[in-house]
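Residue numbers (the numbering used here), protein chains in the order written: chain A, 412 to 1036; chain B, 69 to 142. Ideal Cβ positions, reconstructed from N, Cα and C, are used throughout, including at glycine. The model shown is predicted, which means the values in this text are computed figures rather than measured ones. The next block holds one structure in the form of structure tokens; read it before the comments.
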């Protein structure tokens, strides 16, 4: 609790004790009035002052005014106990709200707390802690185990494993060694690292992310706009209704020559005023969004605004880029077809023959082989351009390449009818077999698509610049509804525009890409989701939602959080307006007393705030919080 | 030009009122108040400087909500 809140707590305690004590005293008349004025003043002086100031500034319809009128009204009706109680409960509610909001503000900031406090810089031969803001590019900084890397840079010496979870939500530590680029915000788990900074603090990853998340809740959603508009009309409307309730029925009664029951009607009007405060709505909706954005960022999902979180929950069409999004975007050995000999031998010969090349295909072969290679076994390497490689391995003449190579050397090979890249391998004119290399689907892609369909995505579309056959194969495996292949980047934009036209009015279209040359599509879609964007400024710039790592399951996670967030927002809107509406009607009819009115104001607010905080606890997809 | 200021205000509705008041101040193109992060982002119109506009913004905010603060002075 801060100082202001503590002071309020004391005021509440003192005045409630006095209030209780005076309630049991059997005094009447002017003495009772004077006694009850003491706790009333203690608890309500600031409200009265604010209400008075408000009137002077012609700003009448605020909560202070409402509370002042309601309590003074009760006192004038000689209901001193009730008058003080209303003020007391109002202040308790306010205190609770301020405490709860402060607490959740702190909780959420802690979730996003990746801001490094200091950097270790050598000054006059001594390592000293300085403000990261003051560190210039190219400075050598020291990061000890347990410390946060404060600024982006390059490891000069040392090795360590880094916890990147603050940035990516990924719990597996990443290993870094000399020469590796490291990002600020990662936590050094074990080794001592010396890092040369390559960026200024304000340009570093951690600053960019913080900036983005902190500004996110400033982009307001439609629900928030609705509530602020609603509040603008609601409070005056209730005040005029109260005025109407206080005067019209008694005056009508007077005209009809029946008992006007002034005090009863005025009391009902006061009840009205107490119920009227729009705080529950006004606080809980932005709080829900703030919590939603916080929960997302904790999972390595950066949402750039409440409006995007809202749009994401309404998303029913999801368009994917293929390469780098659903597939890994790197080549891997997908299949080995042995004709003669063993699988191991086939891959070993191919890898050895290609071991001097740095072509992606060669790299994938070496990766598939996976063992250290003794390069002394290889000699007379000859690269035949457009065909493949000819080399002597362990005294055997190895050919590894495409069908042209096989035909050139008249190897009796078996032609493979697939669309992926094929490396045929022969040994001393004997055909050993073929190695199929293709861009592999990410292990979680299929599950992600399935989960997305469960979470309300009606249509999945895949766009790719690849060949039709490859595209169809991937789409079939992942169970994607619709595929467009052989598209140039600008044709992808056209396709997305066509799909946007087909959208129903309420449904939203999201495009998921890896941020490489699909920035125009990202900005054209209702929601642009860039994945694996860590360190890529262009993608962070163009996208509305940024996934820090490249796991497609994160999209599901983002959708789940957004849907829960929106559900809670609607719950709160319906609940708060509903309860207040009912209490207003009951109050007008004379069924609601002051206590019910207090519940409608403070109670509803407390419940709405607690409900909003629930968004924070949307369980992580991988079972972590 | 856009600038972000730290603010202090107690209730969410008051924050909304401050936003309205800031928006209507002369020289302010747009203003957003973020109650959760307690920040006010003010976009100034061409030809106006924060030094001349911010006192007005503060004055207007104080009218709608007496108990608020904008930390714009350096």
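Under 8 Å between C-beta atoms of residue i and residue j
i: residue 892/A; j: residue 870/A; result: yes
i: residue 838/A; j: residue 792/A; result: no
i: residue 607/A; j: residue 551/A; result: yes
i: residue 872/A; j: residue 757/A; result: no
i: residue 949/A; j: residue 957/A; result: no
i: residue 939/A; j: residue 922/A; result: yes
i: residue 642/A; j: residue 987/A; result: no
i: residue 920/A; j: residue 941/A; result: no
i: residue 75/B; j: residue 131/B; result: no
i: residue 546/A; j: residue 562/A; result: yes
i: residue 1037/A; j: residue 876/A; result: Here chain A covers residues 412 to 1036 and nothing more, so residue 1037/A does not appear.
i: residue 748/A; j: residue 845/A; result: yes
i: residue 995/A; j: residue 686/A; result: yes
i: residue 991/A; j: residue 885/A; result: no
Proximal residues to residue i (C-beta, below 7 Å), its chain only, five neighbours per side dropped
i: residue 851/A; result: 738, 739, 743, 745
i: residue 1032/A; result: A caution first: residue 1032/A carries a pLDDT of 41, below 50, which makes its placement in the model unreliable, though a value can still be read off. Correct list, in chain order: 964, 967, 968.
i: residue 488/A; result: 674, 677, 678
i: residue 611/A; result: 548
i: residue 618/A; result: 612
i: residue 87/B; result: 99, 100, 101
i: residue 977/A; result: 721, 724
i: residue 763/A; result: 784, 788, 789, 804
Spatial distance of residue i from residue j (CA atoms)
i: residue 73/B; j: residue 683/A; result: 37 Å
i: residue 1005/A; j: residue 1012/A; result: 11 Å
i: residue 519/A; j: residue 712/A; result: 14 Å
i: residue 626/A; j: residue 952/A; result: 14 Å
i: residue 771/A; j: residue 741/A; result: 8 Å
i: residue 415/A; j: residue 117/B; result: 34 Å
i: residue 483/A; j: residue 1022/A; result: 33 Å
i: residue 787/A; j: residue 753/A; result: 22 Å
i: residue 795/A; j: residue 815/A; result: 10 Å
i: residue 1018/A; j: residue 985/A; result: 13 Å
i: residue 412/A; j: residue 508/A; result: 12 Å
i: residue 924/A; j: residue 874/A; result: 10 Å
i: residue 425/A; j: residue 418/A; result: 11 Å
i: residue 534/A; j: residue 901/A; result: 53 Å
i: residue 700/A; j: residue 930/A; result: 26 Å
i: residue 782/A; j: residue 828/A; result: 30 Å
i: residue 435/A; j: residue 521/A; result: 47 Å
i: residue 390/A; j: residue 801/A; result: Because chain A is modelled from 412 through 1036, residue 390/A falls outside the range shown and cannot be assessed.
i: residue 491/A; j: residue 445/A; result: 10 Å
i: residue 504/A; j: residue 1014/A; result: 8 Å
i: residue 428/A; j: residue 110/B; result: 46 Å
i: residue 90/B; j: residue 1008/A; result: 33 Å
i: residue 501/A; j: residue 602/A; result: 55 Å
8 Å Cβ shell around residue i - same chain, five flanking residues per side excluded
i: residue 633/A; result: 718, 721
i: residue 785/A; result: none
i: residue 80/B; result: 103
i: residue 1041/A; result: This structure leaves residue 1041/A out entirely; chain A is present only between 412 and 1036.
i: residue 567/A; result: 551, 589, 605, 606, 607
i: residue 917/A; result: 725
Same chain only: Cβ atoms within 6 Å of residue i, ignoring 5 sequence neighbours per side
i: residue 1027/A; result: 702, 706
i: residue 1124/A; result: What the structure shows of chain A is the stretch from 412 to 1036, and residue 1124/A is not part of that stretch, so it cannot be assessed.
i: residue 653/A; result: 680, 683, 684
i: residue 592/A; result: 565
Beta-carbon neighbours of residue i, restricted to chain B and to distances below 9 Å
i: residue 639/A; result: 81, 84, 87, 88
i: residue 509/A; result: 78, 79
i: residue 694/A; result: 79, 80, 81, 103
Within chain A, the residues that residue i reaches when beta carbons sit closer than 9 Å
i: residue 109/B; result: 626, 629
Interface partners of residue i on chain A, CB under 7 Å
i: residue 100/B; result: 629
i: residue 119/B; result: Going along chain A, no residue has its Cβ under 7 Å from residue 119/B, so there is no contact; the nearest lies around 23 Å.
Interface partners of residue i on chain B, CB under 7 Å
i: residue 516/A; result: 104
i: residue 470/A; result: 131, 132
i: residue 435/A; result: Simply none; closest approach about 34 Å.
Chain-ordered chain B contacts of residue i [CB-CB under 8 Å]
i: residue 689/A; result: 81
i: residue 642/A; result: 81, 84
i: residue 461/A; result: 134, 135
Counting Cβ pairs closer than 8 Å, one from the segment 712-721 of chain A and one from the segment 843-859 of chain A, do we hit at least three? With a cut-off of 8 Å, the segment 843-859 of chain A and the segment 712-721 of chain A do not count as touching, because too few Cβ pairs lie within range.
Given 8 Å, three or more beta-carbon pairs between the segment 635-652 of chain A and the segment 694-708 of chain A: yes
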